[in-house]
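In what follows, a single structure is set out as structure tokens and then discussed.
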Amino acid sequence: MLTEHSVASAVPVVMTLAGHDPTGGAGIQADSEAIASQGCHAVSVITCLTVQDTRNVQRIEPLADYLIEQQAEALLADMPIAAFKIGLLGSVEVVQAVHRILLQAPDVPVILDPVLAAGGGKDFANAQLLGAIREYLLPLTTLLTPNVPEATQLAVRGEALDEQAFSLLDQGCEYVLLTGTHAETERVENALYGDGKRLRTWLWERLPETYHGSGCTLASACAANLAKGMEMSKAVAAAQAYTWGSLQAGRKIGRGQWMPDRFYWTK
8 MLTEHSVASA VPVVMTLAGH DPTGGAGIQA DSEAIASQGC HAVSVITCLT
58 VQDTRNVQRI EPLADYLIEQ QAEALLADMP IAAFKIGLLG SVEVVQAVHR
108 ILLQAPDVPV ILDPVLAAGG GKDFANAQLL GAIREYLLPL TTLLTPNVPE
158 ATQLAVRGEA LDEQAFSLLD QGCEYVLLTG THAETERVEN ALYGDGKRLR
208 TWLWERLPET YHGSGCTLAS ACAANLAKGM EMSKAVAAAQ AYTWGSLQAG
258 RKIGRGQWMP DRFYWTK
């Protein structure tokens, strides 16, 4: 929460609360690169430490809830936060800590990327964690950015994708951007939902590789665009175009998934 010493920032500040990925492909580093690439300043709150490579995650170690809160409170007292981006949570206690942080800035947009599994397949969420996300975070979420498996896990009703998106809106999210990278379709279909209906659909060429941190990139770009004051549909459209470009320019650095080039546009 801002104090009497609050200052206006010439550059929108986005707080990312996410895990640390040592590869730099996902998590805090991916968020920071995407946010900076969109012309905002990223400040970071580490929620979990991880042991991983570009193939899979070997271990997740959530931080103590008081450390997460202290990181965020120091930043909230020092600078104006224009958007929150939330990624890997790791435990019910972390979810509850993030909930308490968000309550300190109730008018700031919240972009939640529900990271429930690694690209290599390792699950991050059990029933208790899913329940905590539904209870504590979805009612505070401005934009939820699930892929198909994540929407299926978080929605409390519906078999069709539209029904699951409507369920997530009813669970408290203001908007849902459902991404189709995991669907078996020729082209990737992303759809934005809000106000109880499907608002807009985008179709993207399906690229040949799999990428480490694509969801982080998309959600962070959405957060940055919203922090700059863009209207939701325009913010989401611009974030998708940026993310697709970063994937198309991606590079194979490790032995597993490719890495997005989040500064491709500078070359």
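Be aware that the sequence shown starts at 8, since it is given in my numbering, and climbs by one per residue. Beta carbons are placed, not taken as given, at the ideal position from N, Cα and C, and that holds for glycine. Here the structure is a predicted model, which is why all the values come from computation and not from measurement.
Report the partner residues of residue i according to the DSSP bridge assignment.
i, result
"Asn-154", "Thr-186"
"Gln-59", "Val-64"
"Thr-208", "Ala-198"
"Met-266", "Arg-258"
"Tyr-218", "Trp-265"
Residue i by DSSP, collapsed to three states: which one?
i, result
"Ser-51", "strand"
"Leu-123", "coil"
"Ile-35", "helix"
"Ile-93", "strand"
"Pro-69", "strand"
"Val-117", "strand"
"Ile-88", "coil"
"Glu-181", "coil"
"Lys-241", "helix"
"Glu-191", "coil"
"Gln-45", "coil"
"Ala-248", "helix"
"Thr-159", "helix"
"Ala-17", "coil"
"Thr-273", "helix"
"Thr-149", "coil"
What are the boundary residues of the alpha helix (DSSP H) that residue i is part of?
i, result
"Ile-108", "99-110"
"Thr-23", "Counting along the chain, Thr-23 falls outside any alpha helix (DSSP H), though it belongs to the beta strand (DSSP E) covering 20-27."
"Glu-170", "168-177"
"Ala-230", "221-234"
"Leu-137", "134-139"
CA-CA distance, residue i and residue j?
i, j, result
"Phe-270", "Val-64", "25 Å"
"Gln-96", "Ile-88", "Per the sequence shown, residue 96 should be read as Leu rather than Gln. So the two alpha carbons sit approximately 20 Å from each other."
"Val-122", "Ala-17", "31 Å"
"Lys-259", "Tyr-143", "37 Å"
"Met-239", "Phe-91", "15 Å"
"Leu-233", "Ala-242", "6 Å"
"Phe-173", "Lys-204", "7 Å"
"Ala-245", "Trp-272", "14 Å"
"Ala-132", "Ala-124", "7 Å"
"Glu-166", "Val-99", "26 Å"
"Ile-75", "Gln-171", "31 Å"
"Asp-177", "Leu-161", "12 Å"
"Asn-154", "His-27", "21 Å"
"Leu-9", "Ser-44", "With a pLDDT of 44 at Leu-9, under the threshold of 50, the modelled position of that residue is not reliable, and the figure given next carries that caveat. So the alpha carbons of these two residues sit roughly 26 Å apart."
"Leu-70", "Thr-30", "19 Å"
"Ala-256", "Leu-185", "23 Å"
"His-189", "Pro-156", "8 Å"
"Thr-61", "Cys-55", "17 Å"
"Glu-191", "Arg-164", "22 Å"
Beta-carbon separation of residue i and residue j under 9 Å?
i, j, result
"Ala-41", "Tyr-249", "yes"
"Gly-222", "Ala-33", "yes"
"Pro-116", "Thr-149", "yes"
"Ser-39", "Thr-57", "no"
"Glu-80", "Gln-111", "yes"
"Ala-25", "Ile-67", "no"
"Met-266", "Gly-220", "yes"
"Leu-147", "Leu-109", "yes"
"Leu-145", "Gly-94", "no"
"Ala-226", "Leu-83", "no"
Run the proximity test for residue i: is its beta-carbon closer than 8 Å to any non-hydrogen atom belonging to the ligand SAH?
i, result
"Ala-139", "Absence of the ligand SAH from the depicted structure is noted, as is the absence of any ligand whatsoever, leaving it without description."
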